[in-house]
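In the order they appear, the protein sequences are chains A, B, C, D, E and F.
Residue 133 in this note's numbering is what sits at position 121 of the first sequence, and the numbering runs on without skipping anything.
Residue 63 in this note's numbering is what sits at position 51 of the second sequence, and the numbering runs on without skipping anything.
Residue 143 in this note's numbering is what sits at position 131 of the third sequence, and the numbering runs on without skipping anything.
Residue 223 in this note's numbering is what sits at position 211 of the fourth sequence, and the numbering runs on without skipping anything.
Residue 224 in this note's numbering is what sits at position 212 of the fifth sequence, and the numbering runs on without skipping anything.
Residue 43 in this note's numbering is what sits at position 31 of the sixth sequence, and the numbering runs on without skipping anything.
We put the CB at the ideal spot given by N, CA and C, even for glycine.
There are 6 protein chains.
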Amino acid sequence: MDKFIGFESTYEEAQLVLFGIPYDGTTSFRPGTRFGPAAVRQDSFGIETYSPYFDQDLEDYKLCDLGDIELTFGNAARVMDTIEAFARPVAEAGKKIFSIGGEHLVTYPVFKAVFEKYPDLAIVHLDAHTDLREDYMGEKLSHASVIKRIWDHVGDASIYQFGIRSGLKEEFEWAKSHTYLEKFTANTLPEIVKQIGQRPVYLTVDLDVLDPSIFSGTGTPEPGGLTFNALIEALKAMKGLNIVAADAVELAPHYDHSGVSTAVACKLVREMTLLML
Amino acid sequence: MDKFIGFESTYEEAQLVLFGIPYDGTTSFRPGTRFGPAAVRQDSFGIETYSPYFDQDLEDYKLCDLGDIELTFGNAARVMDTIEAFARPVAEAGKKIFSIGGEHLVTYPVFKAVFEKYPDLAIVHLDAHTDLREDYMGEKLSHASVIKRIWDHVGDASIYQFGIRSGLKEEFEWAKSHTYLEKFTANTLPEIVKQIGQRPVYLTVDLDVLDPSIFSGTGTPEPGGLTFNALIEALKAMKGLNIVAADAVELAPHYDHSGVSTAVACKLVREMTLLML
Amino acid sequence: MDKFIGFESTYEEAQLVLFGIPYDGTTSFRPGTRFGPAAVRQDSFGIETYSPYFDQDLEDYKLCDLGDIELTFGNAARVMDTIEAFARPVAEAGKKIFSIGGEHLVTYPVFKAVFEKYPDLAIVHLDAHTDLREDYMGEKLSHASVIKRIWDHVGDASIYQFGIRSGLKEEFEWAKSHTYLEKFTANTLPEIVKQIGQRPVYLTVDLDVLDPSIFSGTGTPEPGGLTFNALIEALKAMKGLNIVAADAVELAPHYDHSGVSTAVACKLVREMTLLML
Amino acid sequence: MDKFIGFESTYEEAQLVLFGIPYDGTTSFRPGTRFGPAAVRQDSFGIETYSPYFDQDLEDYKLCDLGDIELTFGNAARVMDTIEAFARPVAEAGKKIFSIGGEHLVTYPVFKAVFEKYPDLAIVHLDAHTDLREDYMGEKLSHASVIKRIWDHVGDASIYQFGIRSGLKEEFEWAKSHTYLEKFTANTLPEIVKQIGQRPVYLTVDLDVLDPSIFSGTGTPEPGGLTFNALIEALKAMKGLNIVAADAVELAPHYDHSGVSTAVACKLVREMTLLML
Amino acid sequence: MDKFIGFESTYEEAQLVLFGIPYDGTTSFRPGTRFGPAAVRQDSFGIETYSPYFDQDLEDYKLCDLGDIELTFGNAARVMDTIEAFARPVAEAGKKIFSIGGEHLVTYPVFKAVFEKYPDLAIVHLDAHTDLREDYMGEKLSHASVIKRIWDHVGDASIYQFGIRSGLKEEFEWAKSHTYLEKFTANTLPEIVKQIGQRPVYLTVDLDVLDPSIFSGTGTPEPGGLTFNALIEALKAMKGLNIVAADAVELAPHYDHSGVSTAVACKLVREMTLLML
Amino acid sequence: MDKFIGFESTYEEAQLVLFGIPYDGTTSFRPGTRFGPAAVRQDSFGIETYSPYFDQDLEDYKLCDLGDIELTFGNAARVMDTIEAFARPVAEAGKKIFSIGGEHLVTYPVFKAVFEKYPDLAIVHLDAHTDLREDYMGEKLSHASVIKRIWDHVGDASIYQFGIRSGLKEEFEWAKSHTYLEKFTANTLPEIVKQIGQRPVYLTVDLDVLDPSIFSGTGTPEPGGLTFNALIEALKAMKGLNIVAADAVELAPHYDHSGVSTAVACKLVREMTLLML
């Protein structure tokens, strides 16, 4: 299958543009998120285009799937540049962006492209992990540092983290004065949504924010996460936000023998897309 | 193992008769429910005959396991006839029927046999999917059309659907005037039970009504479903009903690497059987 | 991936046309060959276009991949008609045909389309199974009867079977007077090639002719088969033949956890295609 | 990896001593818990030493990992003696003990060593199963009898069971007058904690007390269990108890294809250890 | 399925009696052969009753399948007694015996029952391992000692070993003066057959004698083994022998994800049975 | 397990030093060889220290296992430096080196360290792939270029390649004038051994030179390779060579569900080590 279901418009006419970023080159534990975008596209044909959650249908919008960015492995800095160069014209054209990872580091270059267009950008971050390390064994470009890298650009009072349940003690300490961080759950999202108001938003969902009971297909599963319904509620709470770009990352299909994690990712791509429209 | 645990009576003495229907011939996505009945029988020896939910024991009843119906593939209409012919004498003899699928289409011929005996039959349907298509790519005998086929016989005000969370927009629309449909959950079952009163009931449980966190072993997993405990509560709510036939369908063991889905199916066969007695 | 590697020409310019037939609707034991064509296309990007066996390169020919035929399940007769209708214009146009199964029954409708064009057609059949049953539990359209169905058209002295090691005693008996059948191996192929001479040939390879050590990904594995190298030798022996159509069937990716069987199928598609050019 | 993460002290300086008991020699259904301790150690490097639940860090304590006890199979009685002899000096030295199973029977010999030191020992038991059989097909040393064997020593009013949802009717009956047993959940733990007061406690967690949605990697999965968060709450409720020994048993990695169950076990070893400190 | 295909006679009329011995209680590495007999019975329905190797058909003989012996775990000595007691009356009645393991130790008690009837018994042993240890970590009843245990009864000049490629240096040394041992292959079997002449023979095949390319489903795979065809040749070489009992042991279905090993075992049960008739 | 079986000497006393290089950072298709060294160490306890092929025992030599080099991902050039720095003192000390990959690129930095010590070094290379690309999509440090990188140092008449069966047409062409390349097999190794004479040798075995029937656990399986016995013969043919360093690379345990590939790798580490002593 060469397009996500319902994404049949041309780039020119599209309101929202989707692409895959098959990169897992800094993953330290179990690699394989490079296979995420292809798996999501293929199994998207097992779901419907209609969402009973939002009562919206993908077929009622202009949506374009550009396929995957071609990337090599072995040199993360060069890969970051390639991704950013791919995303920049889409952001500049004022089209909404949805990208599918790949590991979480791929958020960084897309963020940079979007931030150039929207300097007032706020970040909503759902994840099991803080991702706030300054570096990982000396590497500053790492999946474990991606939110810290983004903070380097946006600074304090712009990053909102939910569902976090794993990290170094120092990361949790650092977050207290630099980001908004809700441990374990996303219950305070409705208040944060009000606070964000009409600032443009980049929504990044590391799918491991979900409990591994429903999302086992990821490199570093962390029990104690959100149920699928809790994540749907979180999305609904964001319905009024001005989300200009979003991503869903860290699906590793090789740890998803039953196909359930891929089905979850497919549905979330549908729901997150509809949320943005 | 050639019998489900605790099913050791002869056909003649049995109050309730169980059989498997190993058919998945119209499955459009991932086949394999043909292996469901054998898996359930074999792993039933890993559970106890005693239910701490109903405080009842299978060993206190007269229960018979007739094994599996022998079926071929390639001609759905002929298969439907074979199943109906198998079920009819059991229904006519006034014995309760429990069948294990197989795909959901196998409900249709058993329903027909039971409906002949009980023309006032009501249908309680737990499922992730509406199953209300008029046809699937031209085929009227399809797992995606089974409830619509049943509606052809019973008409309006006889079908009660719970847990539904996937379908075409048109199916949800159609349901509004022809069936009772609760989206996502089964919270209104207690009220419906009162409404049904003493009408004879066919209870059909597509096991994918469960959340795939606890039931991954199925062809089309749909996140956002019932927990195991929620399904147990639904069964308890039905305790007063006059259930004359029931089935549990859509277990596909090949997607159940850990054996958990099969264990779930085994327990539900036990609980659903005890509910009927 | 939407094309087999190296198959980048248009239909109009193509010498050879490839398509997938994702059908397993009469499979009696373990289904799943419906996923064969998609798996072969996707993993074809893991092989090279150059064959060190034939010292030929796919890139030097005009090859077209038409994708998969859209099929439903539940009615084998109708499916046969759809496939035949798809293949007929390709055969009539004098283009060579390569199809990827799917179960072995899909050979039958393609054969019919080709036979119409070449009434003098000979069949070279590599398989673990005789496939010579008159019917399978009453169904004449069955994977276990496909060569018998072809014999209904071509009659004696036109079918050459190799590698056969499983069947009813009656099938082996029947073959003695109606087909040429070499048990276990394909050692006599060079002589048969001479005998066939310039008759047009349909080459059908049930991939389970290979030993399951190298090809486990199939519904009914039969130990004692050809090694990969023996099959390559068999292909080389056929280099002079006038092969007008060929197929490779019975890859079931769900039983191929390591991906080796799919890699084997990819290479054989490459080698069989180059053999025909 | 030869040590559980953060367990880097010598035996002499350690407050708490951890060891693995790779034994599954009486498992009647699906064996494989012998691989539990090695899997937990290896994947412990995927978690952090800091717990956001207890706001404690393993690195702030003196913890020692003695590795696995060397055991053979074929003679359960001899194995029990070997384990008890291994555990006794640790208990006598007044060090806290944490052991990782293996099947549940391995709790018995460690209990015996600890009971010698603390004759007033109370047992807190979280499990899906009663484990109260007098024997299993004639064998008194069985995973299905382990709590009954412990009762032989401590008698009534010393055993507290939670989460139980499977057993013979007789076992549930017997428990009514000999142990405290809460079916399905652990909601009454806070009250029981008060009742236990300062008695020394042996805490034994059969990991199958968890719902198989989050813990599929076990021999006999029982749906309807505790969520991960519910188990964390239960641990928090025990924070004041004087736990002198604890274990986590019945992880069978072969049924944990995604690694989620092993990740759960790793986290519980961390949380249970921190609870004891 | 409750009988191996083609085994449909009563015990009384049977020439040959088959039973399963689902025991793996002394397995030191990867357990799971307890599931072997059930897997073989179930998948036997995927093969034919006719052998093209021997041109014989199971349906032409009187064959009985007694099912599996019921066994517990935890006490190997008691299990040995149970098996021997089961096998003795069959041996005494002069019926041929075929047993399916289970681990290799299960050969010992059946051997004892047969040896009582035939004191002149010779042993033909195909295996990857010597199995000649005096004990395994102190246990004399061990899968690694089974041939040594048999030697305790039959002494020198009665044991013929083939395909051996793993063991302690001491075992290979000891074999030089006490058994006949061919390393790696079974090429000298024809000569040995002549030497054995009309002595009654117990044929024991540890299926890991096969190369793991064709038989991965076993606890301790050893590359460099026999191909399936080489094993068939070995069986053909034994056609004249007076085989009074035989077994096929060490299939562990959990390591056989594709089902190929089980298919191999099924065929070997068919071929070995036909060899004895 | 923290040491390969039989590797129990200190670094100081060791004749031969083993270490793991868990790197797969440039793998373009299926990653996972980073898990190779740990898998080999752990399963090495399932094999014996005695080789019936060479009639040698690991326990008779001074062998040291240094564990794995700690590496990050994301910057291949830096990783190469780390590996080279690790290997250099071992080479300088005149100890023999055996390394376990990881992907094939890890051969390059070890080669560099060894080449510094032995400027007359010859390379014996067994592999399915040519590995002679100048670069892979612009990256010169790639698993697909590793032999070309080595050629940059040693030039013509120093590289001997065997078993090669996949590559670009250009690579095969280039090899004709720059390396010795035997397609498909290693039959000419005995002659090459004579030709090499007493030159110091680096032996690099990409385990995918084996046929995937016996070695499926690798990223890019290529059918038509060496049997295990053919590889053993190749090793025997090299017995007289002065091998100063060797490696076995490209085991990816995640594609080795049965454990057979890991068992093969363990045995080859044993045999290759004994060959060097």
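CB contact check: residue i to chain A, cutoff 8 Å
i                     : result
residue 233 (chain F) : no
residue 87 (chain F)  : yes
residue 113 (chain B) : no
residue 17 (chain D)  : no
residue 69 (chain D)  : yes
residue 58 (chain D)  : yes
Exposure label - residue i; buried when at least 16 CB within 10 Å
i                     : result
residue 134 (chain E) : buried
residue 23 (chain B)  : exposed
residue 275 (chain F) : buried
residue 90 (chain F)  : exposed
residue 189 (chain B) : exposed
residue 68 (chain E)  : buried
Range of the contiguous beta strand (DSSP E) that encloses residue i
i                     : result
residue 199 (chain F) : Taken as a continuous stretch (DSSP letters only), residue 199 (chain F) belongs to no beta strand (DSSP E), as it is neither H nor E.
residue 111 (chain C) : 108–113
residue 212 (chain D) : 212–218
Any C-beta of chain C under 8 Å from that of residue i
i                    : result
residue 43 (chain B) : yes
residue 40 (chain B) : yes
residue 48 (chain F) : no
Min CB distance residue i to chain E below 8 Å
i                     : result
residue 200 (chain D) : no
residue 79 (chain D)  : no
residue 84 (chain D)  : yes
residue 37 (chain D)  : yes
residue 218 (chain C) : no
residue 123 (chain F) : no
Cβ of residue i within 8 Å of any chain B Cβ
i                     : result
residue 94 (chain C)  : no
residue 230 (chain C) : no
Cβ-Cβ separation, residue j to residue i (assumed contact under 8 Å), whole Å
i                     : j                     : result
residue 289 (chain B) : residue 148 (chain B) : Not really, about 36 Å apart at Cβ, beyond 8 Å.
residue 205 (chain B) : residue 252 (chain B) : 7 Å
residue 85 (chain A)  : residue 37 (chain F)  : 6 Å
residue 261 (chain B) : residue 213 (chain B) : Contact doesn't hold; Cβ gap of about 17 Å is too wide.
Range covered by the alpha helix (DSSP H) that runs through residue i
i                     : result
residue 262 (chain C) : Taken as a continuous stretch (DSSP letters only), residue 262 (chain C) belongs to no alpha helix (DSSP H), as it is neither H nor E.
residue 88 (chain C)  : 88–104
residue 190 (chain F) : 181–190
Contact with chain D by residue i, beta-carbon distance below 8 Å
i                    : result
residue 62 (chain B) : yes
Residue i at chain F interface by Cβ criterion, 8 Å
i                     : result
residue 223 (chain E) : yes
*Taking Cβ-Cβ distances below 8 Å as the criterion, which residues of the segment 255–289 of chain B are in contact with chain A?*
Along the segment 255–289 of chain B, the positions whose C-beta sits under 8 Å from a C-beta of chain A are 267, 268, 269, read in chain order.
*chain F contacts made by the segment 168–191 of chain E, where a contact means CB separation under 7 Å*: Flagged, chain order: 177, 178, 179, 180, 181, 184.
*Taking Cβ-Cβ distances below 8 Å as the criterion, which residues of the segment 140–161 of chain D are in contact with chain E?*
Cβ contacts with chain E come from 148, 149, 150, 151, 153, 154.
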